[in-house]
Amino acid sequence: MKEPIIKFEDFGFQYDAQAEPTLKNINLEIFPGEKILIAGPSGCGKSTLTHCMNGLIPFAYPGESTGKLTIQNKEAKKLSIFEISKMVGTVLQDLDGQFIGLTVAEDIAFALENACMGQDDMKKEVRKVAEKVGIGGHLEHAPDALSGGQKQRVSMAGVMVNEVDILLFDEPLANLDPATGKKAIEIIDQIQAESGATVIIIEHRLEDVLWRDVDRIVLMKDGRIVTDAPPDELLSTDVLPENGIREPLYLTALKYAGVTVKPESKPQSIHSLTLSEADEYLVREWFHARKTAEAKEERKVLLKADKIDFTYENGFHALKNINIEIQEGELLAIVGTNGAGKSTFSKVVCGFEKQQVGSLAFHDEDMKNYSIKERADRIGYVMQNPNQMISKPQIFDEVAFGLRQRKVPENIVKAKVEEVLKICGLYPFRKWPVSALSFGQKKRVTIASILVLDPQMIILDEPTAGQDYRHYTEIMEVLQDLHERGITVVMITHDMHLMLEYAQRAVVFSGGKVIADDTSANILTNPQIIEQANLKETSLYDLALLCGIEDANLFVQHFIDYEKEEKRG
Amino acid sequence: MIQLFNYIDRVSPIHRLTGASKLACMLCWVLAAMVTFDTRYLIALTVFALALFRVSRIKVSEVKVILIFSLVFLFMNNLLIYLFSPEHGVSLYGSRTVLLTFTNRYSITAQQLLYHANVVLKYTATIPVVILFVSTTQPSEFAASLNKIGVSYKISYSVSLALRYIPDVVDEYHSISLAQQARGVELSGKENLIKRLKGATAILMPLILSSMDRIEVVSNAMELRCFGKNPKRTWYRERKFTPLDYGTIVLGFALIAISLGLQAVNGGRYWNPFL
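Taken in sequence, the protein lines are chains A and B.
For what it's worth, the working numbering labels the leading residue of the first sequence as 10, then goes sequentially.
For what it's worth, the working numbering labels the leading residue of the second sequence as 356, then goes sequentially.
What follows is the structure, given as C-alpha cells:
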C-alpha cells in the first residue's frame, strides 16, 4: 500500500471568530495520483477543509486546529504557507479575480518571480509550463481576453510552475457556462493523466464533475465527513439528496420510473450506465403513462422588443435585430454565453443603455421617453452580486429604501416591507443586520427590495449563481411564488437545471442575436442550438436514447412535469 | 468610460525606455521644476515637455480626463493664492508696479502676475511628463521600476495593482449607480446637493464592500503563489538598460543641476526682472 500524500487524523478546526468548530473529527487519506471529489452543501466545511490543505488556514484565516494533518509526510502545522504552496497548487473559484499578471506570461511567472528566479530561466520555465497546459500560443495575451477554458489553463499553469504534486480546485465550475464547465473538467482530467498529479476537486455540482471519472467522492455535512466512497457505490444510495446535494438528473428519472440503481450498473456517468431490459422497460412505461400536456392559454403581451439594435460606444455591436415578446405572468429564461447579449438586453430594457434602432413597448406603450426611475416602477432589476446592491446595514431599512426614496408614508412602508419579507421568507430575520446573512439570504433581501416597489416584471441576473441546492431551491421557491401571484419573472442564467425546472420558455442569445425561442425541453434536446450557445445537453436526453425513446424532448418535458407534481404532492 | 491612469500602447522612443529610467528622470524633472522660480527656465521646461509629448505619439484626447483634472486644480490653486495673498509677488520681488486697482486690498501688480505665471508654468512643465510616464509605462513594469529605485516590492506591487483596478472599479461604480437609480436614488442635477451626497453613499457602501471582496481574492491568490516569501524578487518584464536609458537619467540630473545653477546665478530661487 502506498503512503497517503495527504492525511487527516481526528482533525478539527475552529475559526478565532467563531464559537463552534467548523471541522470536526475529520479522518481522510488521499493517495498519490488519486482524483477526489469533495462535495457538500454550503457551510458544510468543504472550503475550510480546502484552506487547511493549501495553508490559507491559519495564514490568512486564523484559528485553532486539533488532531493532525500531514501533507507529503510533513506536519502541516509546522509548515509556512510558502512551503505548502510548493506541494499544493490551488486554483481558486474566482477565475478572473485570481489573475495577478497583466499578460498570460507574467501571470504564469508570478510564483517564479517570487522565488527570485533569473530572467532567462524564468522565460524558459514559463514557456515549458505554458506548452504543457496548451496555452503556449497566448503568452502575450491579457488573461481577460481569453475564453473560460483558456483562463482555466492559465490558472493551472500559474500553480504548476511550482512543480506541485497536488492540485486543488476550489469550485472550478462556479463561474463557467455549461459547455466551458464540461471543457474545464476535461482539461483537469487530461492534465492529471499527463502529470500524474493528485487532484482534489471541491464542488457541489456533482453531475458536471462526473463528466470525467473520479476515484472517490467525499461527502461532507456540518463539518464532518458523511461518506467516502467510489462514485458508483455512492450514487446507488440516497445519501446525496438526503444531504442537500443534487444527484444527477438521470438518476432522479430512474428513481421516478421505479428502477433500483446498483453499483454494477455503473451509475457514475450517463455514458457508463448500463440498464437491463427490464429497467429500460420500466422507464418506457413511466414515459408512456404521462398525461398529455394541456393546451397553453394565450396571454397578453407585456413587453415587446421590436427590432432592437445596440452598439456600445467602443464599437461592440452587442444586440442585432432583437425581437422578443414577453407575456404577462410568464416565467422566462434568457440563456447564452458571456458576451452573447443577454445582459445588454436587460440593460436596454431597464433604460441603463439606449438602443440605437428599434422600440420597446410595455403594455403596448412605447417606453422611449421613460426615465430609469419610471421604468423601474414597472420593471425591477436584481443584480447578480447582492453585495453590489445592499447599501443599508439593517435588513428592514434596505428593503424599505426604494419606498422611502419615493416618499411613501412610513406606516405604508412598514406594512409593505413586512409583506414582502414574508413572501421572501425573511420575516423572522427582519431585525437582523445584513452582515449576519448568508449569500443566498442576501440575494433574497435584494429580491425583496425590488419587489417592494410593486413591479409587474422582474429581471434577475443569475439568480442562483454560486448557490448550493438548498439555497437554490429557497430562492427559486420565492420566484415561483411571485410567478404564481402573476408577476412576470425573467431570469438571465447559465444554469441548465434552473432553466429546465422552472422556466416555461427560454430565449437563447448567441453573438448578439436570438437563435432560439422555445420550451426549455426543446432547446436542451436540440444539439445544434446547444453547440452554438455553449449549453450542454441534459443527461435526460441521453437516458431517453438509452431506453430507446425517440421523442427525447417529450421525455424531458415529462420529467419536468412529473417533478413539479412530486414537489407539490 | 473614464480612464484616469492607463497605459497607451504606441511605438515611440519613449515607450522603448525602461520604466526605471523614465521614473528617475520624471522625479528629477519634477524636482527641478519645483525648486526653481526662474520663469525662463520654466518656459524652457514646458516647451521641452510638450515636445516630448509629441514624440510619444500620445494624443491629447486620450489623456483628456487627467488634463481637465489638473486644469481645475491649477485654476483653484491660483485663485486661492490671489485671494489669500494678493501682494505675495510684491513682497517676493521687492518692488510694486500697479497695473489695475479694484479695492485697497485687491489690485493687480506686475510682480503678482509674474508670480502667478511661475505657478502656472510649474504645472505646465511637470504635468506633461507625469502623464507621459504613466501612459508609456506598462503597469507591471511600473512596479518593477518603483522597486528598482529602492521602493519595497510589496509597496510597488500594491501601487501598481491599485492603478490597474481603477478602470474595473469605475465600471462597477457605473453599474451599481444605475441599479440604485432604478431604486429611486437621484443623482442628477434635479435634486439638491445634500440629497445627492446621500445618494452617493448608497453607491459607495456597496462599492467598498465588493472591492474588499476583490482584494481578498487577489491577496489570497498572491499568497498562495509565494508573494512575500523572500526579501527580494525578480521581474519577468524587467528590461536591460540601453544607452538611451542612461542618457535619460543623465538628462534628469542635468535638469536639477541647471536648476541649482540658476539659483546661484540669480542669488536665490527667484529670477527677478524688476531689479
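Note that beta-carbon positions come from the ideal geometry of N, C-alpha and C, so glycine has one too.
Here the structure is a predicted model, which means the values were calculated and not measured.
Put simply, of A:Glu471, A:Arg214, A:Lys356 and A:His60 the residue whose alpha carbon is nearest the alpha carbon of Leu579 of chain B is A:His60.
Distance from the CA atom of Met376 of chain A to the CA atom of Gln159 of chain A, rounded to whole angstroms, is 41 Å. Linking Gly232 of chain A to Lys382 of chain A through their CA atoms gives a straight-line distance of about 46 Å.
The alpha carbon of Arg225 of chain A has as its nearest neighbour, out of A:Gln27, A:Ala48, A:Ile484 and A:Cys556, the alpha carbon of A:Ala48. A direct Cα-to-Cα measurement between Lys419 of chain B and Ala385 of chain A gives close to 34 Å.
DSSP places Tyr528 of chain B within a helical segment (H, G or I) once states are collapsed to three. Legend: CB atoms of the segment 386-420 of chain B lying less than 7 Å from CB atoms of chain A are not found in any residue. For Leu552 of chain B, not one C-beta of chain A is nearer than 8 Å to its own C-beta. By the beta-carbon neighbour count (other beta carbons within 10 angstroms, threshold 16), Leu435 of chain A is buried. The beta-carbon of Val514 of chain B is placed no less than 8 Å from the nearest beta-carbon of chain A. The DSSP assignment places complete alpha helix (DSSP H) segments of no fewer than 4 residues inside the segment 358-382 of chain B at 368-371, in order along the chain. As the crow flies, the alpha-carbon of Gln414 of chain A is around 24 Å from that of Asp470 of chain A. The alpha carbon of Glu29 of chain A has as its nearest neighbour, out of A:Gly52, A:Phe17 and A:Glu38, the alpha carbon of A:Gly52. For Ser458 of chain A, the neighbours in chain B by C-beta distance under 8 Å run, in chain order, Arg538.
Excluding residues up to 5 positions away in sequence, Asp315, Asp375 and Lys377 lie with their Cβ nearer than 7 Å to the Cβ of Ser368 of chain A in the same chain.
Straight-line spacing of the CA atoms in Pro276 of chain A and Leu46 of chain A works out to 16 Å. The segment 446-456 of chain A and the segment 388-405 of chain A touch, with no fewer than 3 CB-CB distances between them shorter than 8 Å. Here Phe428 of chain B is exposed. Its C-beta has fewer than 16 other C-beta atoms within 10 Å. Contact between Thr189 of chain A and Glu149 of chain A is ruled out by a C-beta separation of about 23 Å, above the 8 Å threshold. Annotation note: the segment 75-146 of chain A contains the following uninterrupted beta strand (DSSP E) runs of length 3 or greater, listed N- to C-terminal: 97-100.
C-alpha of Ile279 of chain A to C-alpha of Ala553 of chain A: approximately 11 Å in a straight line. Ile504 of chain B has a beta carbon lying at 8 Å or more from every beta carbon in chain A. In the three-state reduction of the DSSP assignment, Ile279 of chain A falls in the coil class.
Distance from the CA atom of Arg387 of chain A to the CA atom of Val461 of chain A, rounded to whole angstroms, is 12 Å.
Residue state for Glu286 of chain A is assigned as helix, using DSSP reduced to three classes. Here Glu339 of chain A carries a coil assignment [DSSP, helix/strand/coil]. Judged by their CB atoms, Cys556 of chain A and Glu180 of chain A are not nearer to each other than the 8 Å cut-off. Going by DSSP, Phe430 of chain B is part of the alpha helix (DSSP H) stretching over Lys419 to Phe439.
Only those residues of the segment 570-604 of chain B whose C-beta falls short of 7 Å from the nearest C-beta of chain A are listed: Val572, Val573, Asn575, Ala576, Met577, Glu578, Leu579, Arg580, Cys581, Phe582, Lys584, Asn585, Lys587, Arg588, Thr589, Trp590, Tyr591, Arg592 and Glu593. Using a Cβ distance threshold of 8 Å, Gly127 of chain A and Phe119 of chain A do not count as a contacting pair. Within the segment 124-155 of chain A, the residues whose Cβ lies closer than 7 Å to some Cβ of chain B are Ala124, Cys125, Met126, Gly127, Gln128 and Met131, listed in chain order. In the DSSP assignment, Leu469 of chain A falls outside any alpha helix (DSSP H) and lies within the beta strand (DSSP E) extending over Met466 to Asp470. About 11 Å separates the Cβ atoms of Thr473 of chain A and Ala342 of chain A, ruling out a contact at the 8 Å cut-off. In terms of CA proximity to Asp222 of chain A, A:Ala202 leads the group A:Ala202, A:Leu228 and A:His213. A residue is called buried when at least 16 other Cβ atoms come within 10 angstroms of its Cβ; Thr283 of chain A does not meet this threshold and is exposed. The DSSP-derived three-state label of Asn332 of chain A is strand.
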